[in-house]
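K.L.:
The sequence shown begins at 11 in my numbering and counts up one residue at a time.
Handing you a structure now.
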Amino acid sequence: MQHIENDPAYSGLTVNSGVAQPPVVNPYLKPRRRKPLPSASEMVEGILKGDVTTLSRAVTLVESLSPAHQAVAQEIIEKCLPYSGNSRRIGITGVPGAGKSTSIDVFGLHVLNKGGKLAVLAIDPSSERTKGSILGDKTRMEKLSTHPGAFIRPSPSAGSLGGVARKTRETIVLCEAAGYDNIFVETVGVGQSETAVHSMVDFFLLIQLAGTGDELQGIKRGIMEMADGIVINKADGDNIDRARLAQAQFRSALHLFPTPESGWSPEVLTYSGYYELGIPEVWDMIDRYFDFVKANGFFDRKRAGQARYWMYETIDEQLRNNFYRNPQVEQRLASLEQQVLSNTRSSFTAARDILDFYASLR
Numbered sequence: 011m012q013h014i015e016n017d018p019a020y021s022g023l024t025v026n027s028g029v030a031q032p033p034v035v036n037p038y039l040k041p042r043r044r045k046p047l048p049s050a051s052e053m054v055e056g057i058l059k060g061d062v063t064t065l066s067r068a069v070t071l072v073e074s075l076s077p078a079h080q081a082v083a084q085e086i087i088e089k090c091l092p093y094s095g096n097s098r099r100i101g102i103t104g105v106p107g108a109g110k111s112t113s114i115d116v117f118g119l120h121v122l123n124k125g126g127k128l129a130v131l132a133i134d135p136s137s138e139r140t141k142g143s144i145l146g147d148k149t150r151m152e153k154l155s156t157h158p159g160a161f162i163r164p165s166p167s168a169g170s171l172g173g174v175a176r177k178t179r180e181t182i183v184l185c186e187a188a189g190y191d192n193i194f195v196e197t198v199g200v201g202q203s204e205t206a207v208h209s210m211v212d213f214f215l216l217i218q219l220a221g222t223g224d225e226l227q228g229i230k231r232g233i234m235e236m237a238d239g240i241v242i243n244k245a246d247g248d249n250i251d252r253a254r255l256a257q258a259q260f261r262s263a264l265h266l267f268p269t270p271e272s273g274w275s276p277e278v279l280t281y282s283g284y285y286e287l288g289i290p291e292v293w294d295m296i297d298r299y300f301d302f303v304k305a306n307g308f309f310d311r312k313r314a315g316q317a318r319y320w321m322y323e324t325i326d327e328q329l330r331n332n333f334y335r336n337p338q339v340e341q342r343l344a345s346l347e348q349q350v351l352s353n354t355r356s357s358f359t360a361a362r363d364i365l366d367f368y369a370s371l372r
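Below, the structure written as structure tokens:
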């Protein structure tokens with residue numbers, strides 16, 4: 011490459027070598043040493059004192075995939091278990107755009123103003139392509155996020171709803187041990203998340219919208235049967251009449267379903283999360299529900315049934331993980347998969363073959 015400064019006509023020109031590129035990392039920066047992880051007993055002590063930092067670290071351990079972290083997390087949960095169970099667990103679901111986060115913000119403030127502490131556990135949907143999550147629920151709960159009595163923890167679904175649901179249930183135990191007497195669990199609002207959340211809460215609140223043209227079409231038998239209460243958001247301004255019409259339609263639809271096991275007849279109310287209208291009425295409904303189910307014994311029966319359900323769910327998850335992470339199974343599974351793809355083996359005989367092989371390894 012020819013440089014103009016090398017031309018004889020510029021023999022009197024002096025070219026300096028230039029300035030050396032500074033290092034990317036500050037040479038005066040001392041490497042930070044990670045603080046050693048506190049013992050399980052120390053973390054339990056901090057949780058019982060209500061220390062938010064310790065609680066957050068414990069939840070991080072629960073969500074970690076590291077076997078070492080999982081071992082510590084399970085020890086913490088076992089030690090916190092005697093101090094749990096003293097909260098009201100409320101699941102909140104609804105289609106995207108129904109105003110779940112805004113509603114949780116105003117519902118939460120209403121609860122905190124009555125006294126006590128509130129934990130909000132939000133299951134955030136992860137991208138199927140990148141597996142990432144925004145985890146931006148705090149930005150949509152502006153008032154709660156700055157309240158000293160509130161703890162907000164979004165968790166990524168990361169493509170495994172069953173796994174994150176189990177971790178959310180374990181997080182509930184930690185929050186209750188830390189003194190949070192009200193737990194809100196927000197679902198992603200799609201797929202099977204409602205079923206998972208319903209299996210860990212005491213009251214299941216369904217948020218609906220009016221005036222979208224799908225009031226009756228949006229009534230799905232499964233979600234309607236799970237709901238203990240239905241609230242129609244954005245009942246303000248010109249939308250009040252549409253909200254009342256939707257309220258009447260939902261009430262009529264509920265009469266088509268059999269009486270829930272709890273004996274409680276789900277109520278349908280209207281409110282506005284944005285303008286904070288009808289919030290006390292919604293919470294009064296929830297208060298009446300808890301008084302009702304505690305009086306007839308359903309509250310304790312449901313809690314016991316949920317504990318049994320999650321025991322079997324955990325067994326299923328552990329069996330599945332042990333099966334697919336076995337190196338010998340992985341190798342044989344790849345071979346059987348090729349046989350199935352080439353139509354030399356049926357899917358059913360291949361499945362029976364690999365299960366028999368796995369059983370012989372035990």
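Cβ coordinates follow ideal geometry from the N, Cα and C atoms, glycine included.
1. Among all the DSSP beta bridges, which residues are the ones paired with L216?
2. With E152 as the anchor, note down where its alpha helix (DSSP H) starts and where it stops.
3. Measure the C-alpha to C-alpha separation of G273 and N336 and round it to an integer number of angstroms.
4. Assuming N36 and L128 are in contact, meaning their beta carbons sit under 8 Å apart, how far apart are those beta carbons, in whole angstroms?
5. Hey, which unbroken runs of the beta strand (DSSP E) at 3 residues or more fall wholly within the region 250 to 282?
6. Per DSSP, V130 is paired with what?
7. Between L71 and E291, what straight-line distance do the alpha-carbon atoms span, to the nearest angstrom?
8. Quickly, what does DSSP pair R98 with across the bridge? List them, please.
9. Let me know the alpha helix (DSSP H) ranges lying completely inside the region 330 to 356, each 4 residues or longer, listed in chain order.
10. Does S143 come out as helix, strand or coil in the three-state DSSP assignment?
11. Whole angstroms are fine: how far does the CA of V339 sit from the CA of R163?
12. With DSSP collapsed to three states, give me the class of L47.
13. How many whole angstroms separate the CB atoms of H157 and L122, which I take to be in contact at a CB cut-off of 8 Å?
14. For L287, which beta-bridge partners are listed by DSSP?
15. Considering only C-alpha positions, which residue in the set A50, A220 and E204 is nearest to N258?
16. Check the C-beta distance from E85 over to A50 and give it rounded, since I have them as a contact under 8 Å.
17. So, are the CB atoms of M321 and G239 less than 8 Å apart?
18. Taking the C-alpha atoms as reference points, what is the distance between R176 and Q341?
19. If you check the beta carbons only, do G104 and L154 fall under 8 Å apart?
20. So what's A369 in DSSP terms, helix, strand or just coil?
21. Quick check: what's the CA-CA separation for M53 versus L264?
22. To the nearest angstrom, how far is the alpha carbon of G142 from that of I325?
23. Taking all protein chains shown into account, do 16 or more other C-beta atoms lie within 10 angstroms of the C-beta of T269, making it buried, or fewer, making it exposed?
24. Can you list, in chain order, the residues of its chain whose CB lies under 8 Å from that of A360, leaving out five sequence neighbours each side?
25. With a 10 Å radius around its C-beta and 16 neighbouring C-beta atoms as the bar for buried, classify G169 as buried or exposed.
26. With a CB to CB cut of under 8 Å and the five nearest residues on each side skipped, what residues in its chain are close to A237?
P.N.:
Let's see:
1. Beta-bridge pairing links L216 to T103 and I240.
2. Premise fails: E152 is in no alpha helix (DSSP H) and is neither H nor E.
3. 47 Å
4. That belief does not hold up - the Cβ atoms of N36 and L128 are roughly 42 Å apart, past 8 Å.
5. 277 to 280
6. I162 and F194
7. 38 Å
8. N192
9. 337 to 351
10. The predicted position of S143 is uncertain, since its pLDDT is 40 and thus under 50; no value can be drawn from it.
11. About 37 Å.
12. coil
13. 6 Å
14. For L287, which the question treats as bridged, DSSP gives the partners S282.
15. The amino acid occupying residue 258 in the given sequence is Ala; Asn does not appear at that position. Looking at the Cα atoms, A220 is the closest of the given residues.
16. 4 Å
17. no
18. 29 Å
19. no
20. helix
21. M53 and L264 have their C-alpha atoms some 46 Å from each other.
22. Since pLDDT at G142 reaches only 38, below the 50 mark, its modelled position is unreliable, and the value read off the structure follows with that caveat. Each residue's Cα considered, the two are about 27 Å apart.
23. Classification of T269: exposed, given that the 10 Å Cβ count is below 16.
24. The answer, listed in chain order, is L346, E347, Q349 and V350.
25. Low confidence applies here, because G169 scores a pLDDT of 48, under 50, leaving its location unreliable; read the following figure in that light. Per the 10 Å Cβ criterion, exposed.
26. Short of 8 Å from the beta carbon of A237, and not among the five residues preceding or following it, lie these beta carbons of its own chain, in chain order: F214, L215, L216 and P276.
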